[in-house]
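See below for the structure under consideration.
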Amino acid sequence: MRLRNWTARRSYGDGGLGARLTVASLTIALVMIPFMLLLVLAKLPLNPLDASVARDLHRYALANPDVTRLLIVWTDVFGPLTWRVVVVAAAVWLWVRGARRVAIWATTTIAVGGLLGLALKMIVSRARPSLPDPVALAPGEAFPSGHALTVTLGTGVLVLLILPRLPAWGRLLTWVIAWFLVVSVAYTRVALGVHWVSDVVAGVMLGVAVLAGTVAAFETWRREQGRKPLTPPIEGVMRTTRKEPDPRHYAG
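Final position of the sequence shown in my numbering is 252; the numbers increase by one with none missing.
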């Protein structure tokens, strides 16, 4: 009887959900690492696309200081710190409301993505653009872009949390807004001369990979608990933010 109760708790409780989310996101991201490394290594010395875009956008930034100031504000407002604070705040709210497993998913996604991005920066150790009369400066290595990575993770997490409360047209609009934020923030990093095009592309790709990994792991876990399957891109990762039923009440 005790063994059965312990097994039930392991099967229907959190049951290593955090570990499963981490392993899934790491697995998908690790599969991408060789590709992303090749993306940089195969393009050394600097590829013409990165060089020409950086040169043209830098020339435009110098000639249009008002636009440049707007880009600086935009990239700061929607920078990594903003998304980390928002996602953690959402996770705390979910935890208080009883949706603790969803809160674990949200925090795991933003944390694992950030750590992977940092690890890749150290592994690749790519220098940022060195331009005459720079309009902005940023510390650390270039590849992948932390801003592009975090805005992808942050908007993805928030969209998947609010989708269940939206009508069909609202879901489409929300995804459009999310992708606009991702693309616009990625653009600011290149336009301000602190990243190459390939840096921001890699950041977005890594963010999508981590999201795909954690969402797949979370949905698999939900189905193993006997809960009705969801289509996350359309329905989000949960049906409600109200307190989840006691897993012991599930049949099986």
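Even glycine gets a Cβ: it sits at the ideal position worked out from N, Cα and C.
All figures in this text were calculated on a predicted structure; none of them were measured in a lab.
I need the straight-line Cα distance from residue i to residue j, nearest angstrom please.
i           : j           : result
residue 153 : residue 92  : 17 Å
residue 253 : residue 146 : Since the first residue shown for the chain is 1 and the last is 252, residue 253 is missing from the structure and cannot be characterised.
residue 74  : residue 200 : 16 Å
residue 60  : residue 94  : 44 Å
residue 143 : residue 163 : 31 Å
residue 82  : residue 184 : 15 Å
residue 137 : residue 205 : 24 Å
residue 238 : residue 98  : 12 Å
residue 48  : residue 72  : 26 Å
residue 113 : residue 210 : 6 Å
residue 96  : residue 62  : 48 Å
residue 125 : residue 169 : 43 Å
residue 87  : residue 220 : 22 Å
residue 67  : residue 76  : 14 Å
residue 90  : residue 130 : 38 Å
Alpha carbons only, please: which of the options is nearest the one belonging to residue i?
i           : options               : result
residue 140 : 157, 132, 151 and 117 : 117
residue 214 : 171, 102 and 187      : 102
residue 55  : 160, 192 and 99       : 192
residue 177 : 188, 68, 159 and 66   : 159
residue 58  : 172, 135 and 88       : 135
residue 51  : 180, 161 and 128      : 128
residue 132 : 161, 194 and 86       : 194
residue 189 : 111, 112, 151 and 64  : 151
residue 121 : 203, 84, 208 and 175  : 203
residue 80  : 69, 155 and 67        : 155
Reducing DSSP to helix, strand and coil, say where residue i ends up.
i           : result
residue 213 : helix
residue 180 : helix
residue 98  : coil
residue 146 : helix
residue 191 : helix
residue 133 : coil
residue 219 : helix
residue 116 : helix
residue 238 : coil
residue 171 : helix
residue 125 : coil
residue 154 : helix
residue 54  : helix
residue 139 : coil
residue 105 : helix
residue 253 : This structure cannot settle anything about residue 253, because the visible part of the chain is limited to 1 through 252.
residue 207 : helix
What do you reckon, is the C-beta of residue i under 7 Å from a heavy atom of the ligand ADP?
i           : result
residue 193 : No copy of the ligand ADP appears in this structure; indeed no ligand is present at all.
Am I right that residue i and residue j are in contact with their C-beta atoms under 8 Å? What's the rounded C-beta distance?
i           : j           : result
residue 186 : residue 148 : 4 Å
residue 53  : residue 197 : 5 Å
residue 161 : residue 106 : 7 Å
residue 181 : residue 78  : 6 Å
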